[in-house]
Amino acid sequence: MAILDVLSFPDERLRTVAKPVEEVNDEIKQLVSDMFETMKDENGIGLAATQVNRHVQVVVMDVSEDQNEPRVFINPEIIRKDGSTISEEGCLSVPNQFAEINRPISCDVEYLNYNGEKSFLKAEGLLATCIQHEMDHLEGILFIDYLSKLKKTMIIKKLSKQKGKPDRIVV
Ligand code: ZN
Numbered sequence: 011m012a013i014l015d016v017l018s019f020p021d022e023r024l025r026t027v028a029k030p031v032e033e034v035n036d037e038i039k040q041l042v043s044d045m046f047e048t049m050k051d052e053n054g055i056g057l058a059a060t061q062v063n064r065h066v067q068v069v070v071m072d073v074s075e076d077q078n079e080p081r082v083f084i085n086p087e088i089i090r091k092d093g094s095t096i097s098e099e100g101c102l103s104v105p106n107q108f109a110e111i112n113r114p115i116s117c118d119v120e121y122l123n124y125n126g127e128k129s130f131l132k133a134e135g136l137l138a139t140c141i142q143h144e145m146d147h148l149e150g151i152l153f154i155d156y157l158s159k160l161k162k163t164m165i166i167k168k169l170s171k172q173k174g175k176p177d178r179i180v181v
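In this note's numbering, the protein residues as written are 11 to 181.
Written out as structure tokens, the structure is:
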């Protein structure tokens, strides 16, 4: 097991589109273990492989209060979305920034599990939000991309102050 480095916005590697996993082999299982360790170390509830600079369709998640319901989604595909809800989202790749994002309230997902078996999940609420957020990462999309230009600029300014760097980022 190893703790991996998490990429931070505006790192362009976060914009990479992830490729499907061809086989759930030992290498992928190792990545899954390392991603869980990294997610817990960062106090996150979800992590996409894109965020640790591995561009394959792998997502790990644990949205339970006691952090005892680990979930792995390999090659996830949303086959149904329904309703809409607004919830506050944050992201390990956009440190300490939060924003209200509107997404479908429920979704059905097809994916491969840790053993490479075809699986299906009906997700609602926080779980559905988290799945959609992480699957966006696999497409190179960040939650701040849904914000207005003004709000996005404010977040980028705050981020640049956080790092103690002069504000040179233009959107
Ligand atoms: Zn994220």
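C-beta atoms are modelled at their ideal positions from N, C-alpha and C, and glycine is treated no differently.
For the candidate residues the options, whose alpha-carbon lies nearest to that of residue i?
i                 : options                        : result
valine 73         : Asn35, Thr26, Asp155, Thr139   : Thr139
phenylalanine 108 : Ile166, Val16, Thr48, Ser43    : Ile166
isoleucine 88     : Glu134, Val16, Lys161, Thr163  : Glu134
glutamate 75      : Met164, Gln172, Leu136, Gln142 : Leu136
isoleucine 13     : Phe130, Asp155, Asn78, Phe46   : Phe46
aspartate 92      : Met164, Thr48, Val119, Phe153  : Val119
valine 68         : Tyr124, Gln172, Tyr156         : Tyr124
methionine 11     : Phe19, Val27, Phe153, Thr48    : Thr48
phenylalanine 153 : Glu99, Pro105, Asn106          : Glu99
isoleucine 111    : Arg23, Gln142, Ala58           : Gln142
Whole angstroms are fine: how far does the CA of residue j sit from the CA of residue i?
i             : j                 : result
glycine 54    : leucine 102       : 7 Å
aspartate 177 : proline 114       : Because the pLDDT of aspartate 177 is 46, which lies under 50, any placement of that residue in the model is unreliable, and the number read from its coordinates should be weighed accordingly. Approximately 34 Å between the Cα atoms of the pair.
aspartate 21  : lysine 132        : 33 Å
serine 170    : glutamate 52      : 20 Å
serine 94     : serine 116        : 8 Å
valine 62     : isoleucine 151    : 15 Å
leucine 17    : aspartate 36      : 24 Å
valine 31     : lysine 128        : 13 Å
valine 66     : methionine 164    : 31 Å
glutamate 33  : tyrosine 121      : 13 Å
leucine 41    : serine 97         : 29 Å
glycine 56    : phenylalanine 130 : 18 Å
aspartate 15  : asparagine 85     : 22 Å
glutamate 79  : proline 105       : 24 Å
glutamine 77  : alanine 58        : 17 Å
lysine 168    : glycine 126       : 41 Å
State buried or exposed for residue i, treating a residue as buried only when at least 16 other CB atoms are found within 10 Å of its CB.
i                : result
lysine 29        : exposed
isoleucine 38    : buried
phenylalanine 83 : buried
aspartate 44     : buried
leucine 160      : exposed
aspartate 146    : buried
arginine 81      : buried
valine 27        : exposed
Which partner residues does residue i have in the DSSP bridge list?
i                 : result
methionine 71     : Gly56, Arg81
aspartate 76      : Looking at the DSSP assignment, aspartate 76 forms no beta bridge with any residue, so it has no partner.
phenylalanine 130 : Glu120
aspartate 92      : Ser116
cysteine 101      : Val104
Taking only beta-carbon atoms, is residue i less than 8 Å away from chain B?
i              : result
asparagine 112 : Any reference to chain B falls outside this structure, which holds one protein chain only.
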